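Take a look at the structure set out below.
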Amino acid sequence: MTAAGDPVERYLDELADRLRSLPGSELRRVLAEADDHLHSSVVALVESGMDQDDAAAQAITQFGAAATVARGVRVQHPAGVAGLVLDAARKLSLVVVAGLCTIGLSGWLSVALGAIFGKAFIAGDGPGVSYTAQRCADFLSFHPEAASCAAAATAHHFDEVVGYRQDLGVLGLVGAVGLLVLARRGVVSRWLRTGPLPGSVPPIVSSVLFGAFAAGLTGFALMSIAFGVTNGAGSLLSDGVVAGVAFALSGWWLVRSVRGDASAT
Amino acid sequence: MELLRGKLDLLLLATIARLPLHGYAIIADLRERSDGTFDLPEGSVYPALHRLERAGLIASESKLVDGRRRRTYHLTTTGHATLASQREEWRGFVRGVDAIVAGGAA
Chain A
89 MTAAGDPVER
99 YLDELADRLR
109 SLPGSELRRV
119 LAEADDHLHS
129 SVVALVESGM
139 DQDDAAAQAI
149 TQFGAAATVA
159 RGVRVQHPAG
169 VAGLVLDAAR
179 KLSLVVVAGL
189 CTIGLSGWLS
199 VALGAIFGKA
209 FIAGDGPGVS
219 YTAQRCADFL
229 SFHPEAASCA
239 AAATAHHFDE
249 VVGYRQDLGV
259 LGLVGAVGLL
269 VLARRGVVSR
279 WLRTGPLPGS
289 VPPIVSSVLF
299 GAFAAGLTGF
309 ALMSIAFGVT
319 NGAGSLLSDG
329 VVAGVAFALS
339 GWWLVRSVRG
349 DASAT
Chain B
2 MELLRGKLDL
12 LLLATIARLP
22 LHGYAIIADL
32 RERSDGTFDL
42 PEGSVYPALH
52 RLERAGLIAS
62 ESKLVDGRRR
72 RTYHLTTTGH
82 ATLASQREEW
92 RGFVRGVDAI
102 VAGGAA
């Protein structure tokens with residue numbers, strides 16, 4: 089049987105993955121003991137009349153799920169501050185990239201809403217705002233096609249509101265491509281499986297953050313519209329709607345993550 | 002298994018006290034001598050052994066057996082003293098429980 093096809097070897101690989109935060113000497117010791125134990129167990133089961141494959145499966149079951157065993161070992165070897173910080177940085181990089189992509193999408197939604205309801209809905213000034221002649225000249229120099237100072241100001245604000253979001257979205261896209269490349273090499277799943285923090289941390293953090301943003305921003309936008317203040321409400325609304333979609337996806341990710349942990353226990 | 006909670010250390014010390022053993026043999030010995038009562042989740046025993054070793058109650062040495070590294074555990078002097086005191090404590094506990102539980106049968 090090849091190493092790749094040997095269930096005991098696969099089990100030891102998984103255990104090693106889950107214990108990467110351990111100091112090298114401790115990791116080698118745990119793996120050597122697990123290796124010796126599992127092979128002793130297989131030999132005993134085969135001698136009792138079981139065939140090799142069943143004996144390997146039985147030995148692994150008796151030893152315990154890799155996730156459970158790794159948890160028991162890690163409790164004895166708490167990670168240092170540096171290990172915790174590194175693990176948090178790896179896991180939360182997924183949330184940061186998701187956040188940047190979400191901001192970018194909200195920029196594109198703002199463009200769409202602006203095309204339908206006008207730029208003032210996205211970035212128009214509130215009632216009573218006026219500008220000095222100098223500021224008006226600045227706005228009109230950016231948007232000479234505008235019919236008035238207010239229209240030039242709105243167009244200028246719109247460019248800023250949408251432009252910054254789209255720039256951050258491009259940054260998020262670059263990050264997402266980077267993560268995708270790492271995911272194809274199994275690095276991202278290893279980040280989630282290993283380390284002192286549970287793999288459910290990123291979906292929990294993203295669910296809480298996106299949920300709070302979705303509720304707060306959508307609520308504020310709808311309240312503004314209800315009170316007749318539509319100028320600028322569109323940018324809050326697009327942020328809130330996209331955060332709501334991200335919240336739903338995070339919830340789905342969280343459920344999958346919790347189910348995965350439960351089945352591994 | 003709930004009854005085992007808190008008594009794993011005593012069981013491990015008492016098992017290793019008889020003769021130096023490696024992890025698999027410790028678990029097999031516990032299972033056999035208890036007629037299957039202590040059929041432990043095997044992977045959970047190693048963290049307990051490592052904890053006892055860090056506490057200085059047991060020590061271990063690793064050697065090659067059939068091409069594999071095998072770590073064998075034995076009791077230290079402190080381990081022997083701790084086992085003697087935990088045994089005494091356990092016997093007192095059993096006598097106390099027995100006096101109440103067995104006495105109530107009448």
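As you go down the protein sequences, you meet chains A and B in turn. Position 231 of the first sequence, counted from 1, bears residue number 319 in my numbering, the numbering being contiguous throughout. Position 6 of the second sequence, counted from 1, bears residue number 7 in my numbering, the numbering being contiguous throughout. The beta-carbon is built from N, C-alpha and C at its ideal position, and this holds for glycine as well. From a predicted model like this one, the values you see are computed outputs, not experimental measurements.
Own chain residues within Cβ distance below 8 Å of A/GLY251, not counting five before or after: GLY195
Distance between beta carbons of A/VAL346 and A/SER288, contact taken as under 8 Å: Yes, A/SER288 and A/VAL346 are in contact; Cβ-Cβ is about 6 Å, under 8 Å.
Range covered by the beta strand (DSSP E) that runs through B/HIS75: In the DSSP annotation of this structure, the continuous segment of the beta strand (DSSP E) that includes B/HIS75 starts and ends at 69–76.
Simplified DSSP assignment, three categories, for B/SER63: strand
Classification of B/ILE59 by the beta-carbon crowding that lies within 10 angstroms, buried from 16 upward: buried
Anticipated Cβ contact below 8 Å, B/LEU31 with B/LEU20, distance rounded: That pair is no contact at about 14 Å.
Beta-carbon proximity of B/ARG69 to A/HIS165, cut-off 8 Å: Going by C-beta atoms, B/ARG69 is not nearer than 8 Å to A/HIS165.
A/THR190 at chain B interface by Cβ criterion, 8 Å: no
Contact set between the stretch 279–296 of chain A and chain B, restricted to residues whose Cβ is under 9 Å from the partner: Taking 9 Å as the Cβ-Cβ cut-off against chain B, none of the residues of the stretch 279–296 of chain A qualify.
Where the alpha helix (DSSP H) containing A/GLY260 begins and where it ends: 237–272
Alpha-carbon to alpha-carbon, A/ALA264 and A/VAL333: 17 Å
When A/VAL131, A/ALA170, A/ARG108, A/ILE148 are compared against A/ARG98, the one with the closest alpha-carbon: A/ILE148
CB of A/TRP279 within 8 Å of CB of A/ARG178, strictly: yes
CB of B/GLY44 within 8 Å of CB of A/VAL157, strictly: yes
Rounded separation between A/ALA331 and B/LEU53 - CA only: 50 Å
Near-chain A residues of the stretch 52–74 of chain B - C-beta to any C-beta below 7 Å: Listed by position, the residues of the stretch 52–74 of chain B near chain A (Cβ gap below 7 Å) are ARG52, ARG69, ARG70, ARG71, ARG72.
Cα-Cα separation between A/PRO326 and A/SER198, rounded to whole angstroms: In the sequence as presented, Pro is not what sits at residue 326 of chain A; that position holds Ser. Each residue's Cα considered, the two are about 6 Å apart.
Expected contact under 8 Å - CB spacing of A/LEU193 and A/GLY257 to nearest Å: 6 Å
Nonlocal neighbours in the same chain, by C-beta distance under 7 Å from A/LEU337, ignoring five residues either side: none
Residue burial classification, A/ALA211 (beta-carbon count within 10 angstroms, cutoff 16): buried
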